[in-house]
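>
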Amino acid sequence: MIRSAALVLSDGEVFEGEAIGAEPPGGVTSGEVVFNTVLTGYQEVITDPSYAGQIITFTYPHIGNYGVTPDDHESRRPFCRGVIVRDMARRRSSWRATGDLEAFLVEQGIAGLAGVDTRRLTSHIRDAGAMPGAFGTAAESDLRAAAKAEPGTEGVDLVATVTRSESERFSSTRDDGRPPRRVVALDYGLKATIVRHLQAIAQVEVVPADTAAADILARQPDGVFLSNGPGDPTAVVGAADTIAALLGEVPIFGICLGHQLLAAALGGEIEKLPFGHHGGNHPVRNLATGTVEITSQNHNFCVADGSIPGADITHINLNDHTVEGLRCRDLPAFSVQYHPEAGPGPHDSRYLFTLFDELMEGGDHA
Amino acid sequence: MPRRTDIESILLIGSGPIVIGQACEFDYSGTQACRVLREEGYRVVLANSNPATIMTDPEFADATYVEPLSAEVLTSIIQREQPDVLLPTLGGQTALNLAMELIESGVVDKYGVEVIGANQSAISTAEDRAKFRQAMIDIGLPVPPSATAHTLDEAMGIMERIGLPVIIRPAYILGGTGTGIAHTLEQGREMAAHGLAASPISEILIEQSIAGWKEYELEVMRDRADNCVVVCTIENLDPMGVHTGDSITVAPAQTLSDVEYQVLRDAAFACIRRVGVETGGSNIQFAVNPDNGEFVIIEMNPRVSRSSALASKATGFPIAKIAARLAVGYTLDEIPNDITEKTPACFEPVIDYVVTKVPRWAFEKFPGVSGVLNTQMQSVGEVMAIARTFTESLQKGLRSLELGRHGLNADPAEAAYDPLSDDELLAAAAVPTPERVFQLEALLRRGLTVADLFEATKVDPWFCDQILQITEERAALTEVGFEAMTPRAWKRAKQFGFSDEQLGFLWNMPAAEVRAARIAAGVEATFKTVDTCSAEFEAETPYHYSTYEDVGEVEPSDRAKVIILGSGPNRIGQGIEFDYCCVHACFALSEAGYETIMVNCNPETVSTDYDTSDRLYFEPLTEEDVRNVIDAELRSSQIAGGPGIAGIVVSLGGQTPLKLAGVLPAGLVVGTSPESIDLAEDRERWNALCARLDIPQPAGGIATTVDDALAVADRISYPVLVRPSYVLGGRAMVIVYTDDDLRDAMAEMAVSGSLGREGGLSAERPVLIDRFLEDATEVDVDAIRDMSGEVLIGGVMEHVEEAGVHSGDSACMLPPVHLSEATVALLERHVKDIAHELDVVGLINVQFAVKQYGTGAADQVFVLEANPRASRTVPFVAKATGVPLVKVATRVMMGASLADLRQEGLLGRRANGDHISVKEAVLPFNKFPEADAILGPEMKSTGEVMGIDLRPGLAFAKSQIAAGAPLPDHGTVLMSLADRDKAAGVEMAQVFTALGLSIAATSGTAAALSDAGVPVDQVVAKVGEGGTDVVELIDGGLVQMVVNTPRGRGSRADGDHIRRAASRNRVSLLTTASAGLAAADGMADWSRHSLRVRSLQEYHRGVTSDQLALEL
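Sequence lines, in order, name chains A and B.
Each number in the working numbering comes from the position in the first sequence (counting from 1) with 9 added on.
Each number in the working numbering comes from the position in the second sequence (counting from 1) with 225 added on.
1. Three-state secondary structure (DSSP) at Gln229/A?
2. For Gln346/A, does the three-state DSSP call read helix, strand or coil?
3. Chain A beta carbons: is any one of them nearer than 8 Å to that of Lys1247/B?
4. Check the Cβ of Pro686/B against every Cβ in chain A and list those closer than 8 Å, keeping chain order.
5. My guess is that Ser832/B and Asp804/B are in contact by the Cβ rule of under 8 Å, so how many angstroms apart are they, rounded?
6. To the nearest angstrom, how far is it from the Cα of Asn74/A to the Cα of Arg101/A?
7. Would you please verify whether the beta carbon of Ile64/A is less than 8 Å from any beta carbon of chain B?
8. Taking only three categories from DSSP, how would you classify Tyr962/B?
9. By Cβ distance, which residues of its chain are closer than 7 Å to Val368/B, with the 5 residues on each side in sequence left out?
10. Tell me the rounded alpha-carbon separation between Ala700/B and Val215/A.
11. Verify the CB distance criterion: does Ser84/A have a CB-CB separation below 8 Å to chain B?
12. Would you list the one or two residues that DSSP bridges to Val77/A?
13. Roughly how many angstroms lie between the CA atoms of Gly382/B and Gly405/B, to the nearest whole one?
14. Which residue from Arg499/B, Thr1048/B, Ala1226/B puts its Cα closest to that of Gln1077/B?
15. Using DSSP's beta-bridge definition, name the partner residues of Gln63/A.
16. Kindly indicate which three-state DSSP category Phe1087/B falls into: helix, strand or coil?
17. So, helix, strand or coil for Gly342/B, using DSSP?
18. Under 7 Å between beta-carbons, which chain B residues line up against His356/A? List them in chain order, please.
19. Determine the chain B residues that contact Glu175/A at a beta-carbon separation under 8 Å, and present them in chain order.
20. Assign Glu983/B to one of two classes, buried (16 or more other C-beta atoms within 10 Å of its C-beta) or exposed (fewer than that).
21. At what residue ranges does the segment 503-588 of chain B contain a whole run of the beta strand (DSSP E), taking only runs of 3 or more?
22. Should Phe285/B and Cys249/B be called a contact, given that it needs their Cβ atoms to be closer than 8 Å?
23. Could you run through the segment 764-788 of chain B and flag, in chain order, every residue whose CB is less than 7 Å away from some CB of chain A?
24. Mind checking which residues open and close the beta strand (DSSP E) that includes Cys453/B?
25. I need the straight-line Cα distance from Thr674/B to Phe730/B, nearest angstrom please.
26. Taking CB distances under 8 Å as the criterion, tell me whether Asn309/A reaches chain B.
27. Can you list, in chain order, the residues of the segment 66-80 of chain A whose Cβ is nearer than 7 Å to any Cβ on chain B?
28. For Asn273/B, which three-state DSSP category applies?
29. Thinking just about the alpha-carbon of each residue, which of Gly1107/B, Val1268/B, Val1065/B is nearest to the one in Arg1094/B?
30. Taking C-beta pairs closer than 8 Å, name the residues in chain B that Ile93/A reaches, listed in chain order.
31. Kindly identify the DSSP beta-bridge partner or partners of Thr289/B.
32. Using a Cβ cut-off of 8 Å, which residues of the segment 109-130 of chain A contact any Cβ in chain B, in chain order?
33. Between the C-alpha atoms of Asn912/B and Gln922/B, what's the straight-line distance to the nearest angstrom?
34. Output, in chain order, the set of chain A residues within a Cβ distance shorter than 8 Å of Asn517/B.
35. Does any residue of chain B have a CB that is nearer than 8 Å to the CB of Ile303/A?
36. From the DSSP output, which residues share a beta bridge with Tyr69/A?
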């Protein structure tokens, strides 16, 4: 049974399709509409907490082909608002899969829209910028109203909606014969793949986003990790202050939102990108080596170039020359805007976890 | 790291003739490389023996050597040109193998030539299977258990150790020649023997078979800074066991999770780094066990490949162009992405559509060949289709094949499966053949399940389910019916890829009515853009494909446009020559200020490069799809207030576009009118025309029934030539000598025969029956006539093989060597008269048979046929004469006169030197050992080469070297001739013995030679006569050349054995007396004069015999 549905953007543009996934209350789902260009890795994307508040449009038409597996969840549940695809696979094929993607969406209460001219939608967002929208089986007028009412992600503290309420410990999987380090990871929307990479070098304690600097330092970590997370870094209450208090006390490594928050703590400025970077193919130049890494990215905000006192830019995006990484000159802290852990995406940048390990090697930085 | 300034000149090696496994993808890659390297300011020296390529156009290189691709010839070129570097990675396996020879023989060191792109160690690590395997084991990548063998005994031991089934692959081969899967030791022994023979170094790899695993390919690029990117992933619909060139393949990979994909990506980079390809593209193949994800690496090509061409067209990322830039020092991040213009080429393309490649085979041309697909590539061409979903792209791909299929079944041809029971059909589908995908759909329609299909075929359940969705949609459409179609239902049907023809079939109504109703419902094709980035960035390159979505992306344009319809998939009879013509038309029109619009579906070609035309539509060449393009372009003109479409060119792409001429909007087709084209094809009107012009024809008639045919034959007497009208390449054309043979031939052409698919026989498409002129010389003439009536003779070509051998399979010489001036003048006069009478505007090709009586008696000339369109020989003529025939013809079609073009300078002086050009056909018999290697009226060659020299014999000798069967200068010639050829046999045998070769002959031939006083060194038994027979002699390597002419009628089994043995052992094989005589001339000339290489540019400036004397 086809359930006709539509997406209405806040600028009035309408995209027709059919409802898939969960049935939202009132037949309306709203959020900020963004697109992601990955060809594989839809499950990791959907379960990435950084998509909190957003409706994800997949540009690749066939989504769900290889089903879902618990092994590929990036968090305890999806935090995105909805999923828009051209074609939702009705039959999966993979030895790894334990279920179908659509069934998973239903189970997780995520609504979706299929049959959409996602290329038209993507082109529109590219030209007009990421914007709020609403989709569902409700009347177009209701969708229009919902799209108008949707606040989007700017100025909204979405981290509070995704962070853990209790800290959680993960034992180390380090197998190079050296003692594992101790890392405290601030959960702004932490991905499971990042935890796995940290575990390879350290025992990891993941703590809620609002954990105070003193509490963190009281755990006597060898390093602090600032995680990825959703939305606008300037809206994350208290985070920059906490990081400022940690700077110089302990080696710090940040990814994505963690990178933006580190920059903010250093006094840097944050800008919103027109439609963000969401995909697995962004070329980033490592300025130290000159080589190019193909990276996984997912962010709508970025650090303004030249705005960070006391830090050097280490990586830049070759597509739009935005800042992709920084390192403090006199303090043991560095961060990248992209996702070196991949999940999904290329493995080109995993060396950064080794750099973090080496940074912690420096010992007591107090 | 910018471009290297320490080098000035670059030698680029092309891939030679089109053969199975190495087709025009290397014209695409070589052409791109030539363009880029010249743009970078380097002097480019090109070597390629294939005259039908764009890359061998003199303007694409500074020095173009259309010379045989052998190490000796390349050494001469290196001596003359002193290039700084050699780039061998864009000319397929041929170029790579030659580079290895030049490295190993010390030539590159001696002349200080640096090999760029891939070095010796990288080439040998990738190409030598044992080394490759060890290299992969060294870096921890899994490979299937295997071992190499150099002898049959060794091979048998390995098979027993590894356990069956095993896959056997010869080392240093292309297209998987000699590769196969053995399920029994007996099969293994046969395949090992064949493989050891096929490998130039007598080495085979025997490996555990992983047939049934999923097969993937990654197209990887690496630069000198060690940046690596994956350009494209490809998943094969056909699992392991079918050569990837024979598989339906899909981009991007569909059934790999990111976790699994990234493992393969890491493995691919580890592989390219270990092998040591420093710059450029490589293709890396993996097999994945569908049950547990276990993977193995199968092979890597350290060069641009067929898959690279596909990946480039599939993503818009121009691999060859970028590989060329990387080879001269750039890094990926320094090269801009042409399509976005703003972002660098150092990224991984993402696509928002599905690409399906479907191969096209030519089994119908090789009776006796099983048609079963295996690990040796057998297809002769391919199509690619782009659409938003797999179902839509699969159906588009299948209708692009031009095999009379309108999509995935739902057409008249699907009835072929009706007689089979479910079990029979499932059993048939379990064996991979070209029919498999159609069989899968038929099975699902009968209610078999995806699980049933997977079990029988190992085709991934995801693909089977997609096919099932087409089946279900079909059922829904039938149930809903035409009357009840809503706009939404129309759109949905089209989104599943159903053509209007298929819908018409389902509803039992004409496709035209379907189309009209659909358009009335507001459902029309929308054109999206191939942009490398899924719309993340704005695309600057209008490279489009059709689909059914909300909006299209064709930009308004106010320029005068010309649409050029391409030639579709390569096939025997219609290949790269026609792509050459279409591309030249693009260039000429572009130079004349038109906006050029190309429509084609062949991913291997230059025509489907986005920078060949102003706009590229990657579309099937069917009425529906072409009309969609026309509609979109008309709309684009209307919006911009432009003048619209100034013309549609249909006469340059072979039969494919020509067949569409009648259904295109009247008045838009430029050049010779469809009416005139029809006049030349319509037998009665053509006969009347010839009578009017007083040009003799062989007696003949037309028939649509067997009785008619017998009556015609009775009237004109045997032997007769029988052929269907409206086909290219002499499809199903035969010479028959008796009533029984004639009945067989007619049955073959009826709907039930293999030709049924191509349209069958009908009143509109009768069979032509002509008296066959034995021992006549065939002559081809290419000419151009303009609107003012002036006729330009492009070239007169004398065939080496006599009439009766298809012109595409015959060697020919330009200018003619054995025709008198008076005869040539008469032929030219006839051509002019015919061109006038047909009111030709543009190209015309006329074929004649000339009966020569010698000793002062006038030759007798018969016209065989005229085709007012581009012929296969046009590129050859252009290379031989230096006149850009297609460019001239295209401008003439658009209204320019030859006089105008002379003034403009486009039509320049003909090369006026003393050189002779020989075109030779290249035949695929070594790929089809079961087929008889005999030439006849049905074309069988896949490609051609050109030999140029100042002496006819040397030009012929060069053409033979280039075709891969060099004339011997020592050893034994085996002769076995039909009675009528024995006089010619004596003549050639005298030359052979004078040159010091010995003669072996079968008894009858030996007797004739001895009678004439020619010493015969060995009389050999026919097969089964006892003693050393001919086949044993050839297999034993004791024969260096075979001249075997078939004995007209009767048992041909013996000749068949001889020819098979010759082609199996790659011994020069001549099957006509005239070819034997030409060879004798060539060998005689060659013994007195060394082969000298000269560039096309020199020949076009004019090389005379006087100059040659000075050089000596």
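We put the beta carbon where it would ideally sit given N, CA and C, even for glycine.
Keep in mind the model is a prediction, meaning the values are calculated, not measured.
Result, derived from the coordinates:
1. coil
2. coil
3. no
4. Correct list: Arg100, Ser102.
5. 5 Å
6. 5 Å
7. no
8. coil
9. If we look at Val368/B and ignore the five residues flanking it on each side, its Cβ neighbours are Arg358, Met361, Ile362, Val521, Ile522.
10. 55 Å
11. Interface residue (Cβ-Cβ distance to chain B less than 8 Å): Ser84/A is not classified as such.
12. Gly108/A
13. 18 Å
14. Thr1048/B
15. Glu41/A
16. DSSP places Phe1087/B in strand when its eight states are reduced to three.
17. coil
18. Residues of chain B passing the Cβ test: Gln487, Asp491.
19. The premise fails here: Glu175/A is roughly 29 Å from chain B at the closest Cβ pair, so nothing lies under 8 Å.
20. At Glu983/B, the pLDDT of 48 sits below 50, so the modelled position is not reliable and the matter cannot be decided from this model.
21. With a minimum length of 3 residues, the continuous beta strand (DSSP E) runs that stay inside the segment 503-588 of chain B are 505-513, 520-526, 579-585.
22. no
23. Glu774, Asp775, Val776
24. Run containing Cys453/B: 453-461, per the beta strand (DSSP E) assignment.
25. 25 Å
26. no
27. Flagged, chain order: Thr68, Tyr69, Pro70, His71, Asn74, Tyr75.
28. coil
29. Val1065/B
30. Those within 8 Å of Ile93/A in chain B number zero; the least Cβ separation is about 13 Å.
31. Thr289/B pairs with Leu271/B.
32. Answer in chain order: Asp126, Thr127, Arg128, Arg129.
33. 8 Å
34. Those within 8 Å of Asn517/B in chain A are Trp104.
35. yes
36. Bridge partners of Tyr69/A: none, in fact.
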